[in-house]
Amino acid sequence: MKNAFTLIELMLSLVLAVVIIGTLYAGFRAAVLTVSVTERIALENRLIVAGFIAAVDEVDSWSSLDRPDHTPLRTNPPGGFKVIPPSHKTSSVDNSYAYAPGGTDWAELPQPFTPFTASWPTSGAADAIAAGEDASGLALSGAFDPTWLVNDPRTWYRLDGANWSEKREFLEDNSPFGNDALFSGAQSSVRVESPAGTGVQGDTRWPIAHTWSARQTKGLSYGLGFYGLFSYLPANAFLDYYDIDNRDPGRALVNGEVRLMSLGTHDKVGTEDHLGKGDRQGMFHTPLGFGKAAMYSGAERAGTRSTWLFTNHIGISGYPPGASAATKQYQLILQRRMSGSYGRESEAGTYSLLLTSLSFPTDLVAQRPSHWPQVTAEVRRTMKWQAILNICYVRIIDPINGRMTQIVFPVTGTTLRGARISRGLDAR
Amino acid sequence: MTSRRGAVLIIAVGMAGMLAALIMAFLVRMRGDAQSAQYVVRLTQSRLMLHAALSYVQEASRLGYAQINQVSGLCTDPREGYGWIDPRDPALIGRDAETVAFSGRDYLIGPRDRTGNPLWTAGTWPAVGTSMRAPMYRHVRPPYAVRPDMTPNAIPSAESQPETFGIPFLIHTDPTPEFDPSLGIHNPASAPQRLSWVRGDGEVITGSAGLGWFRVYRETGSEADRPIECGPPGATFIITVGDGVTEGWRDWAEVMATPGAWSAFGDNIAMAESIYEQMSAAELRMWYRVEWSPAVGGNEDVAYMVAQDPNSPEDFHPQMGAGVDKDTFYSSYPLNASAFLSGQIYSANAPSLPRNFVGTFRYIQRLKRPPDSGKW
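This is the structure we're talking about:
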C-alpha cells in the first residue's frame, strides 16, 4: 500500500486543477463581464428613458426656444417695428428684398416669442404718408385679434387685389372679373392705375373696403415669422393679401410687390436659393409648385394655408446659449424662409435640409463620467403635408465603441400659440 | 475518495452560487429597468388620451346627436351639429337674439341643428360650463362596428366553391357589418342583425380598462384665470388626461355626487375613498386648453385648381382661348385620372384630398397645473 500519489496521478491532478481553476476564472470573468454589460445596458436604458421624457416635455414646454434664462426668440425690435415694404422690382431697380439679404436684420425683426405689444404697434407709425394710413399697414389693425369667426365677414377672402393693378404683361387673364384691389388690402386706400392700362400708379386714391384680414395676416407674418403665421392662421385662411407700396406714385406695378407670397426672392431659375444657402429670406416663389408661372409671380392665384402646406415646408428655429453671431443669424433666418421644391428638386432634399437645420441636440447629462454614454434630446418643429409635426429625436452615443442609437417619434402637444398664451405674449 | 467528492461538491456549489448571483443581478436590473420605463408607459398612455380627447372634441362638434330607436335600430332623427361655434350667420337662421359677443363680434354657440335649435340642455354636457369624462376601455364589439375584412368579395379559389371564372361577384356588402355571430350570415334585411350591429356588445375586455381616461370641460369665458386671447368662449375646452384607474373623476367629492359611483372603487365608502385617493395620487394627470375652429383646410381648393396641359406641365395658368384645358383655373381632372399624369404633375391632377369635416384646432396649450378656477 502506498500513502502518496504517484507522479502520474500528481501530474494529472495538477493538470485537472489548472483546467478547473482556468474554467472558474473564465466563468468568473464572464460573470463579471456580464454584470458589467448588464449595468451598461441598464444605464443606457435609463438614459434613453430620460431622453424620451425630456423630448416629450420639450414638446409642451418649448423650453429650448424660450425659458427664463434663455430667450433667443424674444428680440425687441428697435423703434417699434421695421418697415417691410412690399417687394418692388422693375427692369432697372431690383428692390425685391422685403427683408434684409442674408438675414442680417434678424435683431431688428420680431421673432416668434416677441410679445405682440412689441411687434405689433397699435398707434400710427412715424412715416405715415397720410392721415389714416401708415407705411406698414399694421397700425390700424387694432393688433392681433384672436377671434377670427367664420361667420364674420371680415375674415372672408375678397379676391386678389393684384387682379387689377398688375402690369398687364405679367397677368395673362387681364383681371376679367373686376377691380379686386378695391375690396381688400393692408392699406386703407390704393392709388389707381393711371393712365388706365399702363400699370403705373397715379395720384388718385380710392378707399379699400376691407383691411382687417389683410392686416391680420401681415401682422402675424411680420410679428411671428412664417411658422408663427401658419400656426396662428385658421386652416381655411387665404395667404394672399394686397399690400401695394403706395408711397411711390408714378412707378410701374409688378405682380411681385403686391402679395404676401412675394416677400422672398424673385424667380431665379437654376439658381434658386434653397434653404440654407443664398442671400435672401422670404417665402419661395413656389407656393403651389406648379411650374414656372407660379414661381415667377408668387402664384397667379391665391391659396389657403393648407394649400401652401401641401407642397411647402417650414420650421421654427432657435440657437443654444453661447451661440456665435453667425449661428444666430443662420438659425433665425429660418423663421422667414419657406421651402417648396416641387419641380425644382426632390421634396426629401429640401425637407431634410430644413429638418436638420432647425435644432441643436441638448446634452442631458453634461457633467458625466467620461465612459458614460452621451444622451441628447431635441424636438424639430415643422409643418409639412398640411400637418404640424413635432418630431422628437433621442440619441445615445457610446464613447467606448462609438455606437449611436437614435429613437425618432412624433408627439402631439403644445403649439406655438399655446406656448405664447402660457407666457402672456399675446396679451393686448 | 471522500475528499475528492467534497471538492467537486464545493466547486459545483460555487458555480451554482455564481449562476444564482448572476440571475439575481439580472432580475434586479430588469426590475429596475422596468420601473424606470414605467413612467414612459404612463406618459405615452396620457398622450394617447390627449389624442382621444382631441378626436372626441372634433367629432362631437357635429356627430353623436342623432337619435336611434333602440328597438328597431333605425335612425329616427338624423340630426347633426353645425359645430361648437356655429359658422352660420345668426340672422339667416333667425337666431339673432341668441347670439353672444366676443371681441366685438356676435356669434352663436353650438352645436345646433339645421334650424338652429341647440343640441344640448342647459346645465348638462355639452353646454358651456359643463364637463364630461371618458374612461377608456375596449368593448367586445363596439356599436356600428365594421368587420376588419379587406376583401369580403375575394375571388373564390377553393375547388369546393362554385366556379366564378375568376370574377369577384359582389355577393357580400363591403364593408361588412359586425354583429352577434349567433345571428348567422349577414342578411341586409335582418332586423335582429341590424339591432345587434347598432347596439354592439358593451362588455369590457379584461385588461383594457384602467389604463387611461380623459375629461373635457367647456369654458364659459368667465373663468377667472382664462386670458381673453384664448379665443371665443364656447370654442375653448380644458382637456384633462390621465393614465390611471380613477376613470376621470376629478376628485372624491365628484364621485360622491354621483349616486353609486363610489362602488367602482371598493366594497364600502371608506375603503373606496381610500383606494380612490391612493390611485389618484399615483396617476399622471395633465391639463390642456384647446380652441376648436370650424375652419377646415384639407386642401379642398386643389380639387378645383389644376388643369394642366399634359404636354406642357409648366403652362398651368389660364390662357384665354388657348384650349379647353388652359382656359381657366377652375377646371380639373377627375380624381385619380392617371391618364393625365406625367412626371412633373404627379400630385396635381389626382389629389383625393378633401377631408376633415369636423373642424380643426387653432392651438393646443399645456397648462402647468389645473386651472386656478377649479373648472376642469
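Same order as they appear, the protein sequences are chains A and B. Our numbering runs 106 ahead of the 1-based position in the first sequence. Our numbering runs 1365 ahead of the 1-based position in the second sequence. C-beta atoms are modelled at their ideal positions from N, C-alpha and C, and glycine is treated no differently. These numbers were taken from a predicted model, which means no experiment stands behind them.
Quick check on the DSSP output: the beta strand (DSSP E) that includes residue i runs from which residue to which?
i	result
N342/A	Counting along the chain, N342/A falls outside any beta strand (DSSP E), and DSSP gives it neither H nor E.
Q480/A	480 to 490
E1463/B	Premise fails: E1463/B is in no beta strand (DSSP E) and is neither H nor E.
W1652/B	1650 to 1658
G421/A	418 to 421
V155/A	First-last for V155/A: 113 to 167, but that is the alpha helix (DSSP H), not the beta strand (DSSP E).
M1644/B	Premise fails: M1644/B lies in the alpha helix (DSSP H), 1634 to 1647, not in any beta strand (DSSP E).
F1579/B	1578 to 1583
T1441/B	1440 to 1442
Do you know whose CA, among the options, lies nearest residue i's CA?
i	options	result
D172/A	Q473/A, Y499/A, Y425/A	Y425/A
S1547/B	N1721/B, Q1558/B, Q1423/B	Q1558/B
W254/A	I1375/B, D1451/B, F1544/B	D1451/B
R487/A	R474/A, L120/A, V517/A, M510/A	V517/A
H249/A	A287/A, D286/A, R321/A	Residue identity differs from the one stated: residue 249/A is Ala in this sequence, not His. When each option's Cα is compared against that of A249/A, the closest is R321/A.
D1471/B	A1462/B, D1478/B, R1477/B, R1479/B	A1462/B
I127/A	V1661/B, W1449/B, I1388/B, I1375/B	I1375/B
G1586/B	S1573/B, T1601/B, R1498/B	T1601/B
V1563/B	F1579/B, W1652/B, P1542/B	P1542/B
M1497/B	P1553/B, R1650/B, G1613/B	G1613/B
V162/A	S430/A, F219/A, T520/A	T520/A
I159/A	A483/A, R523/A, W212/A	A483/A
W1485/B	V1405/B, G1429/B, S1639/B, T1516/B	G1429/B
G1448/B	S1738/B, N1482/B, K1733/B	N1482/B
E150/A	P301/A, W414/A, V500/A, S458/A	V500/A
W1578/B	M1389/B, T1623/B, A1499/B	A1499/B
What is the DSSP secondary structure of residue i, reduced to helix, strand or coil?
i	result
K1733/B	coil
G334/A	helix
M1515/B	coil
L1535/B	coil
Y457/A	helix
H316/A	strand
V1421/B	The sequence given here places Tyr at residue 1421/B; Val does not occur at that position. Looking at Y1421/B - three-state DSSP - the assignment turns out to be helix.
H477/A	coil
P516/A	strand
V1610/B	coil
F1530/B	coil
W1617/B	helix
Q217/A	coil
H1504/B	strand
I530/A	Here the sequence assigns Gly to residue 530/A, which means Ile is not the residue at that position. Coil, per DSSP.
S295/A	strand
G176/A	Correcting the residue identity first, residue 176/A is His in this sequence and not Gly. Strand.
V1336/B	Nothing about residue 1336/B can be reported from this structure: the residues present for chain B run from 1366 to 1741 only.
V1493/B	coil
Q1403/B	helix
A1381/B	helix
D211/A	coil
I need the boundaries of the alpha helix (DSSP H) containing residue i, first residue and last residue.
i	result
P1557/B	1556 to 1564
A1499/B	That residue, A1499/B, is in no alpha helix (DSSP H); its beta strand (DSSP E) goes 1496 to 1500.
Y436/A	431 to 438
T181/A	No alpha helix (DSSP H) holds T181/A; DSSP gives it neither H nor E.
T1623/B	Premise fails: T1623/B is in no alpha helix (DSSP H) and is neither H nor E.
F222/A	222 to 225
Using the DSSP secondary-structure output, state which residues sit across from residue i in a beta bridge.
i	result
N496/A	R487/A
V256/A	Its beta-bridge partners do not exist; DSSP assigns none.
P1483/B	R1477/B
P1542/B	V1511/B
R1727/B	BP columns for R1727/B are empty, so no partner.
S1451/B	The residue you asked about is not Ser; residue 1451/B is Asp in the sequence shown. DSSP output for D1451/B lists L1473/B as bridge partner(s).
Spatial neighbours of residue i within its chain, please: C-beta separation below 6 Å, excluding the five flanking residues on both sides.
i	result
P505/A	none
F1467/B	P1597
T511/A	I502
K1740/B	Y1582, E1588
V1747/B	For chain B, the structure presents residues 1366 to 1741; residue 1747/B sits outside this window and is missing.
L461/A	R486
A1704/B	Note that A1704/B scores a pLDDT of 49, beneath 50, so its modelled location is shaky; the value from the coordinates is reported in the next line. Hits under 6 Å: none found.
A1545/B	At residue 1545/B the sequence reads Asp, which differs from the Ala that was named. So the qualifying residues of the chain are S1561.
V1493/B	R1583, T1585, G1599
Which same chain residues, not among the five before or five after residue i, have their C-beta less than 8 Å away from its C-beta?
i	result
S412/A	A341, N342, Q492
* **Short-range partners of chain E found in the stretch 1488 to 1511 of chain B, where Cβ spacing is below 8 Å** => The chain inventory of the structure shown lacks chain E, comprising the protein chains A and B.
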